[in-house]
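Q:
Chains as they are written, first to last, in this note's numbering: chain A, 682 to 919; chain B, 177 to 276.
Here you go:
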């Protein structure tokens, strides 16, 4: 325990930094979570079931889509397939974050992957890019995000009818703001412009042509393809 | 506080499917060595995912969405995230009332 004692202060600052970083994200998460809980309750899910789903699935967009599709009795296969498809972007996210998680103790990695969601993943990627991503930093974000998500979705299910559409008050733009702020950390000059434009245009077009959340995966793949092409001149000739 | 067995089954299946997507990328990354353009493509994932999530939302928001997006982008580029979130919420609410 001696080496970790020496680092106790460092872990404390990591925890504080993670809590500070995740706070603006919660401004967007809380209204979204309340609305999800309310929608799920209207579909006949009990607050207990909403809380269980949030704790076990822990994926906002997939849960939202599931709530829209929920029937009595629940269509188990269709709901599972929907969750699988909507969360396909996790595969790409997992590939990107893998080098950072590889530095965590082995038993912590399955749990670290369990709490990987869009916002804390992006915050973690930025942290890893600027230096080292510690388990204290990542774990703090994960625990806060998970606890807030479970709690506020359950509250939303209890309050149900009293919850209004967050878009009416601009709260949906909290996510846009968070993602734009995170993007600043990923700017690498003019080549980024090509990658971002490819991702944006593809996502916009696919979102209009294809039902469902495919536009995220399509946009991400287009960005990856653009990065591949832009970098080819820099790669050594075979 | 009721717990329907079919609902519980659906929740468990959703949880398993979602966890599968979370571990697959990590599992793949440990088995493929990435160099050159493939490395560049994987490095481009974070920004590409972020852009792909918000671009359709902004594009579908009309004049109010575009105006709010420009102000939010300026705040996000120059200031801390908290400021960007405040500007984002306030400008979206304002422009939707004025233009929407």
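Using N, Cα and C, we set each Cβ at its ideal position, and we do this for glycine too.
Fair warning: this is a prediction, and the values are worked out from it, not measured in the lab.
Listing by chain order, which chain B residues have their CB less than 7 Å from the CB of residue 771 of chain A?
A: Correct list: 197, 198 and 201.
Q: Applying the criterion that 16 or more other CB atoms from any shown protein chain within 10 Å of the CB defines a buried residue, is residue 709 of chain A buried or exposed?
A: Flag for residue 709 of chain A reads buried.
Q: Got a sec? Which residues, its chain only, sit under 8 Å from residue 821 of chain A by beta carbon, not counting five neighbours each side?
A: Contacts found: 695, 696, 699, 700 and 703.
Q: Go ahead and pull the three-state DSSP assignment for residue 751 of chain A.
A: Coil.
Q: Fully enclosed by the segment 786-855 of chain A, which alpha helix (DSSP H) runs are 4 residues long or longer?
A: The qualifying runs are 789-795, 799-811 and 816-840.
Q: Are any of the Cβ atoms in chain B nearer than 7 Å to that of residue 727 of chain A?
A: Taking Cβ atoms only, chain B reaches closer than 7 Å to residue 727 of chain A, which makes this a yes.
Q: Can you find the residues in the same chain that come closer than 6 Å, C-beta to C-beta, to residue 270 of chain B, ignoring five residues on each side of it along the sequence?
A: If we look at residue 270 of chain B and ignore the five residues flanking it on each side, it has no Cβ neighbours.
Q: Any Cβ of chain B within less than 7 Å of the Cβ of residue 908 of chain A?
A: By this cut-off, residue 908 of chain A is an interface position.
Q: If you draw a straight line from the alpha carbon of residue 802 of chain A to that of residue 225 of chain B, how long is it in whole angstroms?
A: Near 11 Å, if we compare the C-alpha coordinates of residue 225 of chain B and residue 802 of chain A.
Q: If you measure beta-carbon to beta-carbon, which residues of the segment 800-830 of chain A are closer than 7 Å to chain B?
A: Answer in chain order: 803 and 806.
Q: Spell out whether any CB of chain A is found under 7 Å from the CB atom of residue 186 of chain B.
A: Judged by the 7 Å Cβ criterion, residue 186 of chain B is in contact with chain A.
Q: Could you tell me the alpha carbon to alpha carbon distance between residue 916 of chain A and residue 212 of chain B, rounded to whole angstroms?
A: Low confidence applies here, because residue 916 of chain A scores a pLDDT of 45, under 50, leaving its location unreliable and the question unanswered by this model.
Q: I'd like the list of long-range same chain contacts for residue 740 of chain A, defined as Cβ closer than 6 Å, with 5 residues on each side in sequence excluded.
A: Excluding residues within five positions, the ones whose Cβ falls inside 6 Å are 768.
Q: Among A:795, A:816, A:852 and A:902, which one has its Cα closest to the Cα of residue 785 of chain A?
A: That would be A:816, whose Cα lies nearest to the Cα of residue 785 of chain A.
Q: Going straight from the alpha carbon of residue 205 of chain B to that of residue 787 of chain A, what length do you get?
A: Spanning the two alpha carbons is a distance of roughly 15 Å.
Q: If we define contact as Cβ-Cβ less than 7 Å, is residue 246 of chain B a contact residue for chain C?
A: Protein chains in the displayed structure are A and B, and chain C is not among them.
Q: Hey, how far is the Cα of residue 214 of chain B from the Cα of residue 726 of chain A?
A: Spanning the two alpha carbons is a distance of roughly 44 Å.
Q: Quick check on the DSSP output: the alpha helix (DSSP H) that includes residue 724 of chain A runs from which residue to which?
A: Per DSSP, residue 724 of chain A belongs to no alpha helix (DSSP H) and is neither H nor E.
Q: To the nearest angstrom, how far is the alpha carbon of residue 682 of chain A from that of residue 810 of chain A?
A: Bear in mind that a pLDDT of 38 at residue 682 of chain A, under 50, signals an unreliable position, so the model cannot answer this.
Q: Our contact map puts residue 251 of chain B next to residue 243 of chain B with C-beta atoms below 8 Å; I'd like the distance itself, whole angstroms only.
A: Going by Cβ atoms, the distance from residue 251 of chain B to residue 243 of chain B rounds to 13 Å, so no, they are not a contact pair.
Q: Assess contact between the segment 190-201 of chain B and the segment 769-776 of chain A, defined as three or more Cβ pairs (one per stretch) separated by less than 8 Å. Is contact present?
A: As far as the Cβ criterion goes, the segment 190-201 of chain B touches the segment 769-776 of chain A, which means the pair count is three or higher.
Q: Quick one: Cα of residue 874 of chain A to Cα of residue 730 of chain A, how far?
A: Straight-line Cα distance between these residues: approximately 44 Å.
Q: Restricting to Cα atoms, I'd like to know which of A:794, A:876 and A:832 is closest to residue 719 of chain A.
A: Minimum Cα distance to residue 719 of chain A is reached at A:832.
Q: Can you grab the Cα-Cα spacing for the pair residue 870 of chain A / residue 880 of chain A, in whole Å?
A: Using only the alpha carbons, I get a separation of about 16 Å.
Q: Please confirm whether residue 231 of chain B and residue 884 of chain A have their CB atoms less than 7 Å apart.
A: Yes, Cβ-Cβ distance for residue 231 of chain B and residue 884 of chain A is below 7 Å.
Q: Run through chain A and tell me which residues come within less than 8 Å of residue 193 of chain B, C-beta to C-beta.
A: What residue 193 of chain B touches in chain A: 761, 762, 764, 765 and 768.
Q: For residue 245 of chain B, which option in B:263, B:255, B:254 and B:222 has the closest C-alpha, if you only look at C-alpha atoms?
A: For the residues B:263, B:255, B:254 and B:222, the minimum Cα distance to residue 245 of chain B belongs to B:263.
Q: Cβ of residue 860 of chain A less than 7 Å from any chain B Cβ?
A: Residue 860 of chain A counts as touching chain B.
Q: Alpha carbon to alpha carbon, what distance is there between residue 187 of chain B and residue 878 of chain A?
A: C-alpha separation (whole angstroms): 37 Å.
Q: Tell me, please, whether the CB atom of residue 273 of chain B is closer than 7 Å to any CB atom in chain A?
A: False, the Cβ-Cβ gap to chain A never drops below 7 Å.
Q: When you compare each of A:897, A:794 and A:813 to residue 222 of chain B by their alpha carbons, which one comes out closest?
A: Cα-wise, what sits closest to residue 222 of chain B is A:897.
Q: For chain A, is any of its Cβ atoms less than 7 Å away from the one on residue 264 of chain B?
A: Yes, residue 264 of chain B lies at the interface with chain A (some Cβ there is under 7 Å from its Cβ).
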